[in-house]
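S.K.: Dumping the structure here so I can ask a few things about it.
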Amino acid sequence: MRLLLIGDIVGKPGRQIVARALPGLRIQQQLDLVVANAENAAGGSGLTPPIYHELIASGIDCVTMGDHIYRRREIFSVLESELRIVRPANYPAEAPGRRWTVVPAATEEPVVIFSLLGRIFMPPVDCPFQAAERVLAEIPADTRFVVSDLHAEATSDKQLMGRFLDGRVTAVLGTHTHVPTADEQILPGGTAYHTDVGMTGPHESILGRRIDRVLETVRTFRPTHFEVAKGDVRLHGTIVDADPRTGRAKAIRRISIDQAAADRLATLTQKAESAASGCPTANYSEGSPDPAGPR
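Here the numbering used here is used: the first residue of the sequence shown is 63, the next is one more, and so on.
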């Protein structure tokens, strides 16, 4: 079983590189399931129904959210009706949305997805450790694959949850800071852990926003609109290989795909589609670099 979690998708640039790269990436890396954090996908904050459906159409199997989940009220209907999106499990019971969901992988194996919010430097929410216990108590006992998106600010918050869930879930993968960390690892109990997957969006920016706008506000205290930036768009994600018998992680690695790599992946998709339809296609160099590294 091979799983990919895509880091926080920021605005239109983030959505565009996902649509460009993901179909080819699924082919190239033989991905069985793709999860993405999309709480910043609509103009840099929140999510709308059309954008949710756009992301699902691009090849994402399940969408996770974070503290900006309710920034746009129109998403409430999606949260209540769709099975491929979850809210943080430590929000109040009355909050719109599902605390966890089950999504079939390409192998037809069921995968449980849930997300949690940290509590350090974050809005006040229920205890994420107790919420995780509730989720694990509710899911089917024979579930082998369980993935948690831990949306938190503090490194210590995330590391504690990784250790708390070690041996009980397949992966604990962090989001929220938009900056990828270099600590991806398999914990002693067999859980894949990564403090932060990073951001999918414009990296010539301050966490996805225009540098000049952020600087103006910080230097002058004059409020400005933190518009989504445009330059150096990259897709960041973490791939986890899990044992199909036990659900425990066997390998974990980071990926970073820039626009050139996304274009090569799009060509790979076109080649595969042409082969499936029996139509000839333009020559494609098999020697193109693999943006996600060797299998």
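No residue lacks a Cβ here, since even glycine has one placed at the ideal position from N, Cα and C.
Since the model is a prediction, treat every value here as computed from it, not as a measurement.
Can you tell me the Cα-Cα spacing of residue 197 and residue 283, whole angstroms?
M.R.: Rounded to whole angstroms, residue 197 to residue 283 spans 42 Å at the Cα level.
S.K.: Going by DSSP in three states, residue 198 sits in which element: helix, strand or coil?
M.R.: Helix at residue 198.
S.K.: Suppose the cutoff is 6 Å on Cβ atoms and the five residues either side in sequence are ignored; what does the same chain contact list for residue 76 look like?
M.R.: These residues qualify, in order along the chain: 262 and 263.
S.K.: Alpha carbon to alpha carbon, how far is residue 69 from residue 291?
M.R.: Straight-line Cα distance between these residues: approximately 17 Å.
S.K.: Work out the CA separation of residue 139 and residue 306 for me, nearest whole Å.
M.R.: Looking at the two C-alpha atoms, the distance is approximately 35 Å.
S.K.: Buried or exposed: where does residue 145 fall if 16 or more other Cβ atoms within 10 Å of its Cβ makes it buried?
M.R.: So residue 145 ends up on the exposed side.
S.K.: For residue 276, which three-state DSSP category applies?
M.R.: Helix.
S.K.: Helix, strand or coil: how does DSSP classify residue 344 here?
M.R.: Low local confidence applies: a pLDDT of 45 at residue 344 is under 50, so the model's placement there is unreliable, and no value is given.
S.K.: Going by beta carbon distance, what residues of the same chain come within less than 8 Å of residue 106, once the five residues before and after it are set aside?
M.R.: Excluding sequence neighbours, residue 106 sits near 72, 73, 270, 271, 288, 289 and 290.
S.K.: What is the rounded straight-line gap between the Cα of residue 156 and the Cα of residue 256?
M.R.: Using only the alpha carbons, I get a separation of about 30 Å.
S.K.: So what's residue 265 in DSSP terms, helix, strand or just coil?
M.R.: Residue 265 falls in the coil class under three-state DSSP.
S.K.: On the criterion of 16 or more Cβ atoms from any shown chain inside 10 Å, does residue 183 qualify as buried, or is it exposed?
M.R.: Exposed.
S.K.: Whole angstroms is fine: what's the gap from residue 88's alpha carbon to residue 276's?
M.R.: Taking the straight line joining both Cα atoms gives about 35 Å.
S.K.: Taking all protein chains shown into account, decide if residue 94 is buried (16 or more other Cβ within 10 angstroms of its Cβ) or exposed.
M.R.: So residue 94 ends up on the buried side.
S.K.: Taking the beta strand (DSSP E) that residue 255 belongs to, which residues open and close that run?
M.R.: Note, residue 255: beta strand (DSSP E), 254 to 256.
S.K.: If we ignore side chains and look at the alpha-carbon of each, how far apart do residue 222 and residue 114 end up?
M.R.: Their backbone Cα atoms lie some 31 Å apart in a straight line.
S.K.: As a quick exercise: from 316, 117, 152 and 111, pick the residue whose alpha carbon is nearest that of residue 136.
M.R.: Minimum Cα distance to residue 136 is reached at 111.
S.K.: Find out if the Cβ-Cβ distance for the pair residue 274, residue 253 is shorter than 8 Å.
M.R.: In this structure, residue 253 does not lie closer than 8 Å to residue 274 by Cβ.
S.K.: What's the C-alpha gap between residue 207 and residue 149?
M.R.: Distance between the alpha carbons of residue 207 and residue 149 is about 19 Å.
S.K.: Ends of the beta strand (DSSP E) at residue 313?
M.R.: That run of the beta strand (DSSP E) goes 311 to 319.
S.K.: What is the rounded straight-line gap between the Cα of residue 304 and the Cα of residue 108?
M.R.: So the alpha carbons of these two residues sit roughly 31 Å apart.
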